[in-house]
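Numbering (the numbering used here), first residue to last: 1 to 199. Note that CB positions come from ideal geometry on N, CA and C, so glycine has one too. Owing to the predicted nature of the structure, the values given are computational and were not obtained by experimental measurement. Working notes for the structure below.
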């Protein structure tokens, strides 16, 4: 199967893009969703996270307090590396399992931190969703109800726009309207079907 790695900075519009591919029946495997599965109650990764970051990053029921953990890791690079060491190997295994269970011509593997994690070995091509930094900041602040300082901290912790674009086989420009996005995805879908048939 042809595996397309979909990536982009926070607030670039990866979900809007993956939703449009899903409309065409393309299977979507999102590593953020896999990460959430891995930290559900009773999962070994949750126990490891509580051991590494303290039980104050759990709520009263014992579930992960994402807001608490997010603040902690974006203020501390070592903490972020600790969390990645716990989650990324498990995400990699789970992603491979999910891909192996698919039968479509191609699938999208959404990896927001593709440039940072080196998970390029999981994909055949890289599709980067690109948007101006000002637009990313606006979207993050609106979506997460956070201030500009926190939004900038999150952006600064990620790979640069240039680093992501250097990995790209294809690029979606997501600074226009939805009609423009739809046109780009329709063309890319046909492109990927052609590549999948040629394999």
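Selected residue, minimal CA-CA separation from residue i, among the options
i           : options           : result
residue 37  : 183, 57, 174, 94  : 94
residue 30  : 18, 133, 191, 44  : 18
residue 25  : 106, 52, 32, 73   : 106
residue 50  : 180, 197, 87      : 87
residue 114 : 43, 32, 195       : 32
residue 116 : 84, 141, 104      : 84
residue 20  : 182, 150, 103     : 182
residue 151 : 172, 166, 159, 74 : 74
residue 39  : 59, 64, 22        : 64
residue 78  : 157, 22, 194      : 157
residue 112 : 177, 159, 191     : 159
residue 167 : 98, 180, 121, 104 : 121
8 Å Cβ cutoff met for residue i and residue j
i           : j           : result
residue 68  : residue 56  : yes
residue 45  : residue 90  : yes
residue 125 : residue 169 : yes
residue 129 : residue 12  : yes
residue 155 : residue 133 : yes
residue 10  : residue 140 : yes
residue 131 : residue 175 : yes
residue 2   : residue 187 : no
residue 34  : residue 62  : no
Anticipated Cβ contact below 8 Å, residue i with residue j, distance rounded
i           : j           : result
residue 14  : residue 5   : With 8 Å as the limit, residue 14 and residue 5 do not qualify as a contact, their Cβ atoms being about 11 Å apart.
residue 108 : residue 185 : Incorrect: roughly 11 Å between the Cβ atoms, too far for contact.
residue 138 : residue 119 : The Cβ separation is near 28 Å, so there is no contact.
residue 70  : residue 53  : At roughly 11 Å, the Cβ-Cβ gap does not stay under 8 Å, so residue 70 and residue 53 are not in contact.
residue 127 : residue 172 : 7 Å
Delimiting residues of the beta strand (DSSP E) encompassing residue i
i           : result
residue 28  : 28-30
residue 127 : 125-130
Delimiting residues of the alpha helix (DSSP H) encompassing residue i
i           : result
residue 155 : 148-157
residue 144 : 133-144
residue 24  : From DSSP, residue 24 is part of no alpha helix (DSSP H); its letter is neither H nor E.
residue 48  : 44-53
residue 69  : 66-75
Simplified DSSP assignment, three categories, for residue i
i           : result
residue 103 : coil
residue 5   : strand
residue 177 : coil
residue 171 : strand
residue 59  : coil
residue 113 : coil
residue 83  : helix
residue 94  : helix
residue 41  : coil
is_contact[residue i, chain D] using C-beta, thresh 8 Å
i          : result
residue 35 : In the structure shown, chain D cannot be found, because there is only a single protein chain.
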